[in-house]
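Notes to accompany the following structure.
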Amino acid sequence: MALTILGLSGALTHDPSAALYVGGKLVAAAEEERFVRDKHAKNRMPYEAAKFCLDFAGIKPKDVNAVAIPFAPISIMEPARWHYAKRYWYAPDRGLDAILTGNRRFHRYKKRIEWCLAQLGFDVRKTEIVPVEHHLAHASSAYHCSGFTEKTAILGIDGKGEYATTFFGYGENGRIHKIKEFYDPDSLGGLYGAITEYLGFEMLDGEYKVMGMAPYGDPDKYDFSRLAKFENGELVVDTDYANVIGFRRYKENGKGYYFSPKLIDWLGPKRAGDIADEPYIHYAASMQKLFEDLSLKMIDHYLGDILRDTGRLAFAGGGALNVKLNQKIIARPDLRELFVQPASGDSGTAVGAAAYVSVARGVPVEKMEHVYLGPCYTNEDVIAACAKHPAQPAWQKIDDMPARIAQILADGNPVAWFQGRMEFGPRALGGRSILGCPSAAGVADRINEQIKFRERWRPFCPSMLDTVGPQMLQTDHPAPFMTFTFEVAEEWKARVPEVVHEDGTSRAQVLKREYNPRYYELMLELEKLTGNGVVLNTSLNRRGEPMICSPTDALNMFFGSDLQYLIMEDVLVVKNGAALG
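So in my numbering the end of the sequence shown lands on 638, straight run, no missing numbers.
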């Protein structure tokens with residue numbers, strides 16, 4: 058039977074997920090939060106996600122050759138634990154813990170994985186659990202899924218794994234080679250997270266809000282260079298201000314933060330509320346600029362030779378979701394193609410760990426062309442969910458669905474769009490989306506106020522036909538996953554203003570027909586009606602909730618918002634007197 062590897066993440070107490078490779082093909086992957094309806098599913102194991110993957114593929118526990126986990130023991134002979142202890146000298150209890158019992162978290166996590174596997178019906182005594190270092194899992198999720206055959210530079214930036222925070226390496230002939238790692242507390246991702254907290258958002262959730270706020274500010278108004286420096290090949294974060302632990306933390310209402318009272322003394326009180334106001338917009342801009350400047354310096358120092366040689370870079374880790382940095386990387390003259398793992402955060406390490414183990418056992422993995430890897434539902438499933446729902450929805454099965462929905466969009470109405478398999482990773486890419494017509498004035502505000510209940514300064518993104526991408530974005534660079542922003546051509550800024558951000562860019566998805574034919578057909582129909590093969594696309598959820606998974610989830614969300622139209626497969630649900638047909 059084909060080599061079967063199950064990847065399970067959740068080592069860092071957030072974003073647990075599961076991924077299943079069979080014979081080098083990624084047959085299923087999903088995040089636990091979607092099933093349990095708890096964003097980031099903190100302190101949970103990926104039980105429901107793993108159950109879905111196995112059931113979907115028809116795989117029994119006894120058929121799984123190995124379970125890969127993206128967290129590994131780190132030897133006391135390595136520099137990581139000593140670096141941690143030395144840099145956190147002001148918290149000697151933590152330092153001693155790192156040296157004496159530095160793998161305690163790994164052993165705790167492995168026990169929880171064993172418990173999860175037992176619940177799934179595995180015989181834990183006969184199940185091989187293969188630990189993969191956290192940053193190697195990120196690196197594998199980028200390199201092995203990129204499809205690149207040439208020597209490839211590999212970059213990983215996140216908060217931290219076991220101890221590492223940043224990874225530089227290269228891939229060649231399927232093997233990953235480590236060049237350099239930085240260790241906690243010297244973490245650009247951690248610093249960005251600490252400033253995210255200072256700006257009033259939640260770490261590991263609000264970083265993209267800071268990125269969305271940054272274009273409204275002036276990055277040169279405040280100099281953030283004191284927070285971190287990259288010199289002589291080493292990154293050093295100033296732990297007087299951020300990435301702090303223990304008594305150095307700023308505390309408010311009994312909660313400790315990853316920044317210090319010294320940061321408050323310098324910048325003023327922690328931001329509160331939803332308004333993008335001064336001076337905080339400038340702080341966001343300054344943090345974004347520091348993140349970009351230091352990342353680009355580090356890339357040049359450790360990966361510049363490889364890029365000048367082959368021009369290929371694979372990038373993962375939470376920092377890889379910083380689309381503004383990615384835009385700057387693509388602009389490098391030596392870069393031919395950048396692949397960013399679409400699930401770059403910790404959920405993607407389930408894919409990376411499984412891919413790493415598959416390759417190590419002689420079975421290369423296929424290029425990741427799409428993220429439609431979750432559950433799907435039939436028209437019959439949808440109708441059954443409608444029949445059981447307490448709101449007694451008015452529904453109708455419709456013919457020529459893409460044309461009907463395109464007309465509703467062109468009339469200025471937002472539509473909840475539920476089609477095919479659920480996406481893996483944080484981006485809605487036409488499986489579970491709320492759509493709008495990007496030339497209909499005010500549609501973004503309408504979605505924000507009535508449905509998403511989120512901050513207006515956050516941008517809405519476009520999905521577009523592959524025939525439109527090169528015209529609107531002025532580049533042929535692949536963009537299937539909304540992991541990059543691009544400068545929008547002047548003509549298109551006027552044509553689709555609802556999906557152009559304050560700084561004239563768009564975080565775009567450029568779609569090929571073969572990976573989501575119904576979504577493609579919808580955009581073709583919209584192009585006939587409006588002249589633009591572009592749709593405004595945001596995730597199908599309300600603020601603070603995970604993306605929708607099932608028809609029942611979609612109905613609950615629909616009736617908890619001011620949306621008028623919900624299309625699930627061929628079943629159109631309407632309310633408040635909206636016309637069915």
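Yeah, the Cβ is synthetic: ideal placement off N, Cα and C, and Gly gets one too.
| Query | Result |
| --- | --- |
| Whole-Å CB distance - residue 345 paired with residue 276, under 8 angstroms assumed | 7 angstroms |
| Residue 34 - partner residues in DSSP beta bridges | Residue 34 lies beyond the stretch modelled for the chain, which goes from 58 to 638, so this question has no answer here. |
| Minimum C-alpha distance to residue 91 - residue among 82, 231, 105 and 517 | 105 |
| Beta-carbon proximity check, residue 155 vs residue 141, cutoff 9 angstroms | yes |
| Anticipated Cβ contact below 8 angstroms, residue 83 with residue 423, distance rounded | 7 angstroms |
| Extent of the continuous alpha helix (DSSP H) to which residue 528 belongs | 526-530 |
| Unbroken stretches of the beta strand (DSSP E), 3 residues or longer, contained in the region 426-481 | 451-454 and 472-475 |
| Beta-carbon gap between residue 368 and residue 392 smaller than 9 angstroms | yes |
| Nearest residue (CA-CA) to residue 135, options 221, 180, 127 and 204 | 221 |
| The region 187-196 in contact with the region 397-412 per 3-pair CB rule at 8 angstroms | yes |
| Distance between residue 294 and residue 286 (C-alpha atoms, nearest Å) | 7 angstroms |
| Identified DSSP bridge partners for residue 223 | 214 and 239 |
| N- and C-terminal bounds of the beta strand (DSSP E) containing residue 518 | 518-522 |
| N-terminal and C-terminal residue of the beta strand (DSSP E) that residue 287 is part of | 285-288 |
| Anticipated Cβ contact below 8 angstroms, residue 63 with residue 121, distance rounded | 5 angstroms |
| Neighbourhood of residue 541 by C-beta distance below 8 angstroms, restricted to the same chain and skipping five residues each side | 380, 383, 384, 387, 395, 397, 534, 564 and 565 |
| Three-state class that DSSP yields for residue 68 in the structure shown | coil |
| Residues sharing a beta bridge with residue 232, DSSP | 229 |
| Between the CA atoms of residue 550 and residue 413 - distance to the nearest angstrom | 42 angstroms |
| Start and end residues, alpha helix (DSSP H) containing residue 384 | 380-387 |
| Residue 543 in three-state terms, based on DSSP | strand |
| Residue 563 - containing beta strand (DSSP E), residue span | 562-564 |
| Rounded separation between residue 616 and residue 475 - CA only | 15 angstroms |
| Residue(s) in a DSSP beta bridge with residue 74 | 88 |
| Start-end ranges of the beta strand (DSSP E) lying completely within the region 333-384, minimum 3 residues | 369-373 |
| C-alpha gap between residue 129 and residue 163, whole angstroms | 6 angstroms |
| Rounded straight-line distance, which links the Cα of residue 301 to that of residue 161 | 21 angstroms |
| Spatially closest choice to residue 358 from 237, 333 and 452, by CA coordinates | 237 |
| Residue 100, buried or exposed, once every other Cβ within 10 Å from all chains shown has been counted against 16 | exposed |
| Close-in-space but distant-in-sequence residues of the same chain around residue 602 (CB under 8 angstroms, 5 per side omitted) | 94, 96 and 614 |
| Rounded C-alpha distance that separates residue 463 from residue 499 | 17 angstroms |
| Alpha-carbon spacing of residue 478 relative to residue 131, whole angstroms | 38 angstroms |
| Sub-9 angstroms separation of residue 595 and residue 485 beta-carbons | yes |
| Top-ranked residue by Cα proximity to residue 195, from 338, 622 and 66 | 66 |
| Collapsed DSSP secondary structure at residue 651 in the structure displayed | The shown model of the chain, from 58 to 638, leaves out residue 651, and the question about it has no answer. |
| Expected contact under 8 angstroms - CB spacing of residue 545 and residue 495 to nearest Å | No, residue 545 and residue 495 are not in contact; Cβ-Cβ is about 11 angstroms, not under 8 angstroms. |
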